[in-house]
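Here is the structure we will look at.
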Amino acid sequence: MQLLDFQVGLDHPLFLIAGPCVIEDEALVMNIAGRLKEITARLGIPYIFKASFDKANRSSHESFRGPGLEQGLRVLQKVKQDIGVPV
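Residue numbering for the sequence shown follows numbering that gives the first Met the number 0, beginning at 0 and increasing consecutively.
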C-alpha cells in the first residue's frame with residue numbers, strides 16, 4: 000500500500016507517524032515536529048507528522064478540542080513548509 004511517498008506493509012521498512020495528540024500551540028507543535036525530525040533523521044527512520052486540529056472524542060464536552068479547521072490547517076502547512084516533513 001502507498002501512503003504519501005512511503006510503501007506500507009510487512010515487507011517494507013518501518014516509518015514513524017507521530018506528533019502531539021492535538022494542536023495546542025503553534026510554537027509547541029513546531030518544536031515537537033523539529034525534534035522528531037532530528038531524532039528520526041539520526042536513526043534513519045522516515046517520519047510523517049500527525050496532530051489533530053479538532054479532537055472531538057474528549058470525555059468532557061468542556062475539554063479543549065483544538066484550534067479548529069482553519070487555524071489547524073495553517074499550523075500543519077507551516078510544519079510541512081518550515082520543518083520539511085510530510086503531514
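All C-beta atoms in this analysis are idealised placements derived from N, C-alpha and C, irrespective of residue type, glycine included. No experiment lies behind these values; they were computed from the predicted model shown.
Residue span of the alpha helix (DSSP H) that contains residue i, given as start and end
i: Leu35; result: 25-42
i: Leu3; result: Segment: none, Leu3 is in no alpha helix (DSSP H) and carries neither H nor E.
i: Lys77; result: 68-77
Where residue i sits in the DSSP three-state scheme
i: Leu9; result: coil
i: Val21; result: strand
Best match in the options for proximity to residue i [C-alpha to C-alpha]
i: Ile16; options: Leu9, Tyr46, Glu23, Glu25; result: Tyr46
i: Leu69; options: Leu35, Leu3, Ile22; result: The sequence shown places Glu at residue 69, rather than the Leu named in the question. When each option's Cα is compared against that of Glu69, the closest is Ile22.
i: Asn56; options: Val78, Pro85, Cys20; result: Cys20
i: Gly43; options: Val86, Phe14, Gly71, Ala26; result: Phe14
i: Ala50; options: His11, Val78, Met0; result: Val78
Beta bridge counterpart(s) of residue i as assigned by DSSP
i: Leu15; result: Tyr46
i: Ser51; result: Val21
Alpha-carbon spacing of residue i relative to residue j, whole angstroms
i: Asp53; j: Gly65; result: 5 Å
i: Arg41; j: Val28; result: 20 Å
i: Ile82; j: Gly33; result: 6 Å
i: Gln6; j: Pro85; result: 14 Å
i: Gly18; j: Phe48; result: 6 Å
Proximity test, Cβ basis, 8 Å: residue i and chain E
i: Gly67; result: Reference to chain E is not applicable here, since this structure consists of a single protein chain.
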